[in-house]
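These protein sequence lines are chains A and B, in that order.
Number 991 in the working numbering belongs to position 60 of the first sequence; there are no gaps in the numbering.
Number 550 in the working numbering belongs to position 113 of the second sequence; there are no gaps in the numbering.
Worksheet for the structure shown next.
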Amino acid sequence: AQKVTQAQTEISVVEKEDVTLDCVYETRDTTYYLFWYKQPPSGELVFLIRRNSFDEQNEISGRYSWNFQKSTSSFNFTITASQVVDSAVYFCALRGGADGLTFGKGTHLIIQP
Amino acid sequence: GAGVSQSPRYKVAKRGQDVALRCDPISGHVSLFWYQQALGQGPEFLTYFQNEAQLDKSGLPSDRFFAERPEGSVSTLKIQRTQQEDSAVYLCASSLALGGSYTDTQYFGPGTRLTVL
């Protein structure tokens, strides 16, 4: 069985602070993909990044960066110099042998001006 | 280009009514997925189509839930004799690659919020 755990239910920071969202996963599959999605108040899930299980290289995209560590089954997401527009619910998801994505419960990120 | 669209965006049903939720995937996308998202939770997988074939319906919570994609494009999720516990947001996603490929990214629609009174 697959499982994704996002232990942080809600995080609140002041604008311009850095913030890290944690994601820990469980799977028996040797090949799998990890994803991060953003869900703003409008409700639509917005794709942010996809990572395969064989590529542990960290990735940076503008203010966003991702740290994938297979040894600890973690795929953490950091926002540098946060902005109010970053406020949303962020989901980590896993796709292994099953057809659908397995999502965590999400982290509600609040950026205060 | 156009993304995944869903209709209606909001649906209120009385307990016991049947409802039909529509999904228009991104043009050319082979795979289509339905998810159910309860309030404050992450989406949960319901079912998956590759073209018109329903390859996985393991997530459908009961036999009151039925999904179809007869021409391999538009899909309809039907819920019969709705119950209060069916209240949730129903999300549709599509992806370009054939099923079984781990590489395809799923792109989501805005969802249909179903409220059963």
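Just so you know, even glycine gets a beta-carbon here, dropped at the ideal spot from N, CA and C.
Nothing here was measured: the structure is a model prediction, and the numbers come from that model.
Proximity of residue i and residue j at Cβ, strictly below 8 angstroms
i	j	result
S1004 (chain A)	Y956 (chain A)	yes
T549 (chain B)	R446 (chain B)	yes
L533 (chain B)	V456 (chain B)	no
K934 (chain A)	T1038 (chain A)	no
F1022 (chain A)	Y968 (chain A)	yes
Q970 (chain A)	G1035 (chain A)	no
P1044 (chain A)	V1015 (chain A)	yes
E941 (chain A)	I1041 (chain A)	yes
E975 (chain A)	P547 (chain B)	yes
V449 (chain B)	L554 (chain B)	yes
Q474 (chain B)	V526 (chain B)	yes
R1026 (chain A)	T1011 (chain A)	no
Y485 (chain B)	L492 (chain B)	yes
F999 (chain A)	N989 (chain A)	yes
Q478 (chain B)	L458 (chain B)	no
R501 (chain B)	Q521 (chain B)	no
F482 (chain B)	G465 (chain B)	no
Cβ-based burial, residue i [other Cβ within 10 Å; buried from 16]
i	result
S468 (chain B)	buried
S973 (chain A)	exposed
P462 (chain B)	buried
Q543 (chain B)	buried
I991 (chain A)	exposed
D523 (chain B)	buried
F966 (chain A)	buried
Q487 (chain B)	buried
A1019 (chain A)	buried
S1013 (chain A)	buried
A504 (chain B)	buried
D1030 (chain A)	buried
A1024 (chain A)	buried
R1067 (chain A)	Outside the modelled stretch of chain A, which goes from 932 to 1044, sits residue 1067 (chain A), for which no answer is possible.
A530 (chain B)	buried
R506 (chain B)	buried
Interface flag, residue i vs chain A, CB-CB below 8 angstroms
i	result
L528 (chain B)	yes
Y544 (chain B)	yes
P445 (chain B)	no
G465 (chain B)	no
G509 (chain B)	no
G462 (chain B)	In the sequence as presented, Gly is not what sits at residue 462 (chain B); that position holds Pro. No, P462 (chain B) lies away from the interface with chain A (no Cβ there is under 8 angstroms from its Cβ).
Beta-carbon neighbours of residue i, restricted to chain A and to distances below 7 angstroms
i	result
F482 (chain B)	G1031 and L1032
G479 (chain B)	F1022, F1034, G1035, K1036 and G1037
F470 (chain B)	G1031
Any chain B beta carbon closer than 8 angstroms to residue i
i	result
F999 (chain A)	no
Within chain B, partners of residue i - CB distance below 8 angstroms
i	result
F1006 (chain A)	Per Cβ cutoff of 8 angstroms: no residues; F1006 (chain A) is ~15 angstroms from chain B at best.
Neighbour list for residue i in chain A, Cβ cutoff strictly below 9 angstroms
i	result
G548 (chain B)	G974, E975 and L976
What residues from the segment 486–498 of chain B come within 7 angstroms of chain A, judged by C-beta to C-beta, listed N to C?
L492, D493 and G496
For the segment 972–999 of chain A, which residues have a CB atom closer than 9 angstroms to at least one CB atom of chain B, in sequence order?
S973, G974, E975, L976, V977, F978, R981, N983 and S984
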